[in-house]
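Protein chains in written order, with this note's numbering: chain A, 91 to 197; chain B, 311 to 430. Yeah, the Cβ is synthetic: ideal placement off N, Cα and C, and Gly gets one too. A short write-up of the structure that comes next.
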């Protein structure tokens, strides 16, 4: 199975800050990597797919990069509504696997 | 509007069974590949099972293989998860999720989830 490791597990930042989350795969997944945002009590929502493609309707302050084993999600200017947990998911091999999540909090 | 609505969750004793349903609308269900994903309380996301549009190809997580069965009824736009021999560690919110239409196996539409609690 492909293990997905996210870091940090939590981050606290101020409104307007740039926040980056990394995701590492235990083996190469090419660009088959998605990022999700999940708010408490809600279902996950896809933000990014194929490593860097922005899902329709997602604000442009979200961006992502990477390929192979190392990936990064960046929020360019943190907003209050970005307070949530973020998960990466490798989207190429069964079993599909998620990272452990990163909780983003607003200071 | 593209929509997935799960139902069938509840409280069940260890060793018991439960059948989850997911009603789909707003898209062509019969050609859509579907998944079940779960989230234990306070934990991360765990993929559970996948089925192709025809139902011919199915995959399971090792943690549920042999106990859970995914199925679908394309005539009624419904996805199911039959869960047998339930354990405390199966306690979670279960989400029905549609696979993105192209090559990537990510999920672009999610239901709100249904809660399964396994406890005596």
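Figure out for me which residue from the options has the closest Cα to the Cα of residue i.
| i | options | result |
| --- | --- | --- |
| residue 335 of chain B | B:414, B:420, B:322 and B:368 | B:420 |
| residue 386 of chain B | B:338, B:370 and B:374 | B:338 |
| residue 178 of chain A | A:196, A:148 and A:140 | A:140 |
| residue 92 of chain A | B:342, B:319, B:357 and B:383 | B:357 |
| residue 422 of chain B | B:411, B:365, B:320 and B:406 | B:406 |
| residue 156 of chain A | A:127, A:180 and A:185 | A:180 |
| residue 410 of chain B | A:182, A:189 and A:112 | A:182 |
| residue 121 of chain A | A:142, A:109, A:130 and A:108 | A:142 |
| residue 426 of chain B | B:347, B:368, B:418 and B:412 | B:347 |
| residue 384 of chain B | B:359, B:416, B:366 and B:412 | B:366 |
| residue 430 of chain B | B:312, B:398 and B:418 | B:398 |
| residue 344 of chain B | B:376, B:408, B:415 and B:416 | B:408 |
| residue 188 of chain A | B:391, B:312 and B:353 | B:353 |
Just to confirm, is the Cβ distance from residue i to residue j under 8 angstroms?
| i | j | result |
| --- | --- | --- |
| residue 428 of chain B | residue 351 of chain B | no |
| residue 329 of chain B | residue 361 of chain B | no |
| residue 168 of chain A | residue 196 of chain A | yes |
| residue 396 of chain B | residue 332 of chain B | no |
| residue 316 of chain B | residue 404 of chain B | yes |
| residue 166 of chain A | residue 175 of chain A | no |
| residue 138 of chain A | residue 124 of chain A | yes |
| residue 326 of chain B | residue 424 of chain B | no |
| residue 161 of chain A | residue 113 of chain A | yes |
| residue 42 of chain A | residue 415 of chain B | Because chain A is modelled from 91 through 197, residue 42 of chain A falls outside the range shown and cannot be assessed. |
| residue 374 of chain B | residue 359 of chain B | yes |
Excluding the 5 residues preceding and the 5 following residue i in the sequence, name in chain order all residues of the same chain whose CB lies nearer than 6 angstroms to its CB.
| i | result |
| --- | --- |
| residue 102 of chain A | 195 and 197 |
| residue 158 of chain A | 118 |
| residue 400 of chain B | 428 |
| residue 349 of chain B | 355, 402 and 403 |
| residue 127 of chain A | 135, 137, 174 and 176 |
| residue 111 of chain A | 163, 176 and 192 |
| residue 95 of chain A | 114 |
| residue 394 of chain B | 327 and 377 |
| residue 379 of chain B | 392 |
| residue 340 of chain B | 363 and 384 |
Could you tell me if residue i is buried or exposed, where buried requires 16 or more neighbouring beta carbons within 10 angstroms of its beta carbon?
| i | result |
| --- | --- |
| residue 191 of chain A | buried |
| residue 136 of chain A | buried |
| residue 98 of chain A | exposed |
| residue 134 of chain A | buried |
| residue 321 of chain B | exposed |
| residue 105 of chain A | exposed |
| residue 132 of chain A | exposed |
| residue 342 of chain B | buried |
| residue 312 of chain B | exposed |
Just to confirm my understanding: we take residue i, look at its own chain, exclude 5 residues before and 5 after, and list those with CB closer than 8 angstroms. What are they?
| i | result |
| --- | --- |
| residue 100 of chain A | 192, 193, 194 and 195 |
Spatial neighbours of residue i within its chain, please: CB distance less than 7 angstroms, with the 5 preceding and 5 following residues excluded, ordered by chain position.
| i | result |
| --- | --- |
| residue 172 of chain A | 165 and 194 |
| residue 148 of chain A | 137 |
I'd like to confirm the pairing. Which residues does DSSP put opposite residue i in its beta bridges?
| i | result |
| --- | --- |
| residue 345 of chain B | B:360 and B:407 |
| residue 114 of chain A | A:95 and A:160 |
| residue 334 of chain B | B:314 |
| residue 141 of chain A | BP columns for residue 141 of chain A are empty, so no partner. |
| residue 329 of chain B | B:392 |
| residue 424 of chain B | B:404 |
| residue 381 of chain B | B:390 |
| residue 125 of chain A | A:138 and A:178 |
| residue 369 of chain B | B:360 |
| residue 195 of chain A | A:102 |
Compute every distance between the C-beta of residue i and the non-hydrogen atoms of the ligand GDP, then say whether any falls below 7 angstroms.
| i | result |
| --- | --- |
| residue 194 of chain A | As presented, the structure is devoid of all ligands, the ligand GDP included, so that no description of it is given. |
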